[in-house]
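Below is one structure, written out as structure tokens; comments come after it.
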Ligand SMILES: [Zn+2]
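Numbering (the numbering used here), first residue to last: 7 to 86.
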């Protein structure tokens, strides 16, 4: 796997994995670094976290495939 520059777009595609702790360490570090410098991604992260927390509260598996892709579509919209 080659290293990928962490941009808003890249981060959005990794966000659900990030929140679920599924990101490889290097990607997680890059994501954290980007988040500390990018306000728009910080906002997106906050709302994504809410969605994930809500899903967890209802006792479902973290996120279903459909939830994930719906969420991702929304996030991609937000960063454009
Ligand atoms: Zn960003």
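Glycine is no exception: its CB is placed at the ideal position from the N, C-alpha and C atoms.
Please read all numbers here as calculations on a predicted model, not as lab measurements.
Check: If you draw a straight line from the C-alpha of residue 24 to the C-alpha of residue 58, how long is it?
Finding: 11 Å
Note to self: Please classify residue 17 as buried or exposed, where buried requires at least 16 other C-beta atoms within 10 Å of its C-beta.
What the structure shows: buried
Next item on the list: Just mark residue 13 as buried or exposed, buried being the case when its beta carbon has 16 or more other beta carbons within 10 Å.
Entry: exposed
Next item on the list: May I have the straight-line CA-CA distance separating residue 83 from residue 35, to the nearest angstrom?
Entry: 24 Å
Item checked: Beta-carbon proximity of residue 47 to residue 38, cut-off 7 Å -> no
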